[in-house]
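Reading through the structure tokens given below for one structure.
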Amino acid sequence: MKLLTFAHRAEAQAFHDKFDLKSCGENLFLNQDFMLLVTGEGLFEAMSECMKVLTLHPEISEVYNLGIVGNLGSQKLDEVASIRSVYAHDSSSPLFKSFTTSDPSASIDLLSFSQRVKDSQTKEKLALFAPLVDREAWAIGFVANRFKRPFYVFKYISDDADENTQCHFIKDSAFLYSQKLLSFFLNFHSGPQNEEEEERQLPEGLYFTRAQKLLYFKYQNLLETLGKEIPSEEIKKIMLLDITPKQKTGQLLNLMKELINPMTSIMQEELGKFLKPFTQIGAQVKTDNELESSELLIQYKIRNQSDIDRLKRGLELFDIKQFERFFEGEF
């Protein structure tokens, strides 16, 4: 089940109508596939309401934050943007932690501010952190990260955030903005409509689940936009691997993701160096997929004293302080 979060009811109206959602509590609506939450405006309100829903509904598999944002820079107005990373700033200073969404094609960052931006001086100060501003996305990201759920942010850029903001006009146009958000949301989750044509576009010799097909076409469109192609020699290497067709598909998708964002590959390589004391002794180590948290889950089978000694040695060699600095951006 997908959780859709909005600050205001008007922003959610098109989703409510499209998915025929029924009330199941105060500001909470659902059907068999979606749950929609109206959080109210502000970091504290959004965090509190989202935390409550995710605690009571573990069946939620993905979290989305949708709504209207103000422009701090030179972004084009009247468009919907998928957000890459969200930051936060209270009335006096920025908050330390940031959250990256699960959309690899996103390229625009967003700042969640504790107050409405009402003057050019505040706008100029906040523009140093991100080109867009809202009041909730960071809080939703905080909760999604805490519950280990994929997190997406889609925002309609309505106006410039300063003293010229026309709040009444934005409020009156909220349903139109909601329709544009819905259209973007539906397109984000749609793939090629003709199944025969879809199959012809997929590489031969691989097995794609429906989710992998959607991801493949999304990555392919983004690579075309970036003017990049998958090196044929890399595809040949994948096809020669002694693994199942579905596993080869996974390798191909990872390659495409690295081509889109090379920094991900660099960070994964550095992460592997840190974990070497554990992987060398046969331990399985699980880390945060989004590389936001430094928490580790280590699985290791102990059969005798030698296994205990190897694990102790691995723990001694593991530099936890340096590992934490890696997650703070020092690598």
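Taken in order, the sequence shown gives residues -14 to 316; the numbers are from the working numbering.
Every residue gets a Cβ at the ideal spot worked out from N, C-alpha and C, and that includes glycine.
These figures come from a predicted structure and were not determined experimentally.
Could you spell out where the beta strand (DSSP E) holding D272 opens and where it closes?
Residue identity check: residue 272 is Thr in the sequence provided, not Asp. Run containing T272: 269 to 272, per the beta strand (DSSP E) assignment.
Residue nearest to I68 in terms of C-alpha spacing, selected from S77, P116, R101
P116
Could you tell me the alpha carbon to alpha carbon distance between L51 and Y141, rounded to whole angstroms?
8 Å
I'd like to check one pair, L28 with R21: are the Cβ atoms closer than 8 Å?
According to the sequence displayed, residue 21 carries Leu and not Arg. In this structure, L21 lies away from L28, with their beta-carbon atoms at least 8 Å apart.
Restricting to Cα atoms, I'd like to know which of L62, E309, L191 is closest to F229.
Contrary to the premise, residue 229 reads as Thr rather than Phe in this sequence. T229 has its Cα closest to that of L191, out of L62, E309, L191.
When you compare each of L237, E189, P135 to Y204 by their alpha carbons, which one comes out closest?
L237
Which whole-angstrom value describes the C-beta separation of V128 and L39, a residue pair presumed to lie in contact below a C-beta threshold of 8 Å?
6 Å
Cα-Cα separation, I155 to G55
Because the pLDDT of I155 is 45, which lies under 50, any placement of that residue in the model is unreliable, and the question is left without a value.
Residue environment, D119, which counts as buried when at least 16 other CB atoms sit within 10 Å:
By the neighbour-count criterion, in which 16 or more other beta carbons inside 10 Å mark a residue as buried, D119 falls on the buried side.
Tell me the rounded alpha-carbon separation between V65 and K271.
34 Å
Reduced DSSP category for Q284 - H, G, I as helix; E, B as strand; rest coil:
strand
Please indicate yes or no: does the CB of I53 lie closer than 7 Å to some heavy atom of the ligand FAD?
Although the ligand FAD was asked about, the structure shown includes no ligands whatsoever.
CB-CB under 8 Å to I125, same chain, minus the five flanking residues each way: which ones, in chain order?
Contacts found: T(-10), T24, A31, M32, C35, V48, N50, F136, V138.
Would you call S8 buried or exposed, if buried means 16 or more other Cβ atoms sit within 10 Å of its Cβ?
Exposed, since its Cβ has fewer than 16 Cβ neighbours within 10 Å.
State the beta-bridge partners of K7 as determined by DSSP.
Under DSSP, K7 takes part in a beta bridge, and its partners are L15.
Using the C-alpha atoms, what's the distance from L199 back to F4?
21 Å
Would you tell me roughly how many angstroms separate the C-alpha atoms of K165 and H174, rounded to the nearest one?
15 Å
Considering only C-alpha positions, which residue in the set K(-13), S77, L(-12), D2 is nearest to F160?
D2
Using the three-state DSSP reduction, which class does R295 fall into: helix, strand or coil?
helix
Within 10 angstroms of the Cβ of T91, are there 16 or more other Cβ atoms? Answer buried if so, exposed if not.
Inspection of the sequence shows that residue 91 is occupied by Ala rather than by Thr. By the neighbour-count rule (16 or more Cβ atoms within 10 Å), A91 is buried.
Which word fits P43, buried or exposed, when buried means at least 16 other C-beta atoms lie within 10 angstroms of its C-beta?
exposed
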